[in-house]
Amino acid sequence: MFALQSDIAGEVVQALIDVLPSGEIEAARQTLARRLTPTRSVAAYDAYLKGEQRMREQAGGDERGAASAINFYRGALAIDPSFARAQAGICQAEITRFEDARDSAAFARAQSACEQAMKMDPSLREVSLAMGDLHRTQGNAKEANAYYERAVTDPALRVPGYLGLAEVASTQGQGKVAMEYFERARQVAPRNPRIAQKRGYHLLVNGDVPGAIASYREALEYAPDDADLWSSLGGLYAISGDAAQASDAYERSLQIKPTYEALSNLGSMKFEEGAYEQAAALYRHASEIDPGDFRVWGNLGDALAAGGATPDQTRAQYEQAATLGRRYLELKSDDAQGLALVAWYSANLDRADEARALQAKAEALGTERGEVALLGAQTMARLDDSPAARRHMDFARKHGIPQQRIDALPLLRSLTAKVDTQSTRESGTAQ
């Protein structure tokens, strides 16, 4: 197979001799040969393809898919240590683990893998794509864009390259540019669920929940058996206040595959219903599947606290959440909701100054305003700053957070009840 592909590379370059400048002929032959013959080992290539398949099958929230892919990539490198494309695959799989599960340790492994891939073959476009992803996650927009622009020169990498450019534009507040890149990707692959999924997340971050729901539903038209898409759709319905649709989506996700994300999302639904013991059980199960996601530990602390646990009994969960969250924010400081979550954990650990500083940073980013305000309301309520908590609740409502989500949070529900009682008394006095 590889000999045949080498022959094809030679014949293509031979046919272009009259077109290419003489100084570029050998470089073109080598580039095409690397593309068609990335390794001389059929066994190594087989392992690499299995890794690629695992990455296509895995989606947000299921770390095991990326972990399985990494094992196959490592198997390919064990057979052929010079297989640069497999090394780039490890880098991208670790980045996926970092972004999906907020696993800070995965980023360090991704950085190491990318550096090794660059040493092996810096001209390889898969390496450019991986480096683009690495810089994007660090917030290095200029460097990320340069690598993505190199990646899209390879027709096989145009979709992930355009998606990378779209995500960079989104984080830079360039919504129109981001949508243009999503459209370019869609023109290359009209029925690719990942394009609709990424576009949906962009719309969510920018406050367009109905648009995000429509985009995720489109993704499910192309991949109806994707458990994580169903779980994410459930989360969107929950954000919009549609509990029935959210529950249906979560159940559909768990029927397909019990991922930690679906378990955690269902736990959040049970929490909002007041079933705190069930919520805690679901969060515990989720933490067993993926203990590296700080959000799961924070959710578990919330469920235990709402169920009557004392601050001493929830301290371990909030401490774990805060520790993992700070590690994540060292690498991803532009995650507004992440900052607000760690502010909430700090408030529960009696670190008032740290909580206020983190909440201020989250609000200064100007993204995910409704969710950040809702978390800020809880943080201020925990710090016994009722006026600030009420201001945050008002802001959350203005940015699309339904009242039922506010009422589902014990601290805010009690705060709202006090306001209602005071208003009733004032009304009675006036009469």
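Letter by letter, the sequence shown follows residues 458 to 888 of this note's numbering.
Every residue gets a Cβ at the ideal spot worked out from N, C-alpha and C, and that includes glycine.
(message) Between Ala732, Gly755 and Thr716, which has its C-alpha nearest alanine 743's C-alpha?
(response) Thr716
(message) Short of 7 Å in beta carbon distance, which residues of its chain neighbour glycine 692, apart from the five on each side in sequence? Order them along the chain.
(response) Asn722
(request) Round the Cβ separation of tyrosine 638 and alanine 623 to the nearest angstrom and send it over; I've been treating them as touching at under 8 Å. (result) 4 Å
(message) Could you tell me the alpha carbon to alpha carbon distance between serine 871 and leucine 832, rounded to whole angstroms?
(response) 15 Å
(message) Please classify leucine 815 as buried or exposed, where buried requires at least 16 other C-beta atoms within 10 Å of its C-beta.
(response) buried
(request) Any chance you could list the alpha helix (DSSP H) runs of at least 4 consecutive residues sitting entirely within the region 532-599, in chain order? (result) 541-558, 561-577 and 582-595
(request) Could you say if the region 569-577 and the region 603-614 meet the contact criterion of at least three C-beta pairs nearer than 8 Å? (result) no
(message) Between which two residues does the alpha helix (DSSP H) holding glutamate 675 run?
(response) 666-679
(request) Mind checking which residues open and close the alpha helix (DSSP H) that includes aspartate 759? (result) 751-763
(request) Give me the Cα-Cα distance between leucine 686 and leucine 711, rounded to the nearest whole angstrom. (result) 11 Å
(request) With DSSP collapsed to three states, give me the class of glycine 518. (result) The predicted model places glycine 518 with a pLDDT of 42, which falls under 50 and marks its position as unreliable; any figure quoted below should be read in that light. In the structure shown, glycine 518 sits in coil (DSSP, three-state: anything other than H, G, I, E or B).
(request) With a threshold of 16 other CB atoms inside 10 Å of the CB of alanine 635, please say whether the residue is buried or exposed. (result) buried
(request) Please say whether alanine 565 and arginine 554 have beta carbons closer to each other than 8 Å? (result) no
(message) Mapping the DSSP letters down to three states, classify aspartate 699 as helix, strand or coil.
(response) coil
(message) Measuring only the C-alpha atoms, how far is glycine 657 from serine 627?
(response) 12 Å
(message) I'd like to know if the region 836-844 and the region 664-682 are in contact, where contact means that at least 3 CB-CB pairs between them fall below 8 Å.
(response) no
(message) Can you tell me whether glutamine 629 is helix, strand or coil according to DSSP?
(response) coil
(message) Measuring alpha carbon to alpha carbon, tell me which residue in Tyr733, Arg641 and Asp683 is nearest proline 956.
(response) Residue 956 cannot be examined here, being either before or after the span of the chain that is shown, 458 to 888.
(message) Suppose the cutoff is 6 Å on Cβ atoms and the five residues either side in sequence are ignored; what does the same chain contact list for aspartate 537 look like?
(response) Thr496, Ser498 and Ala501
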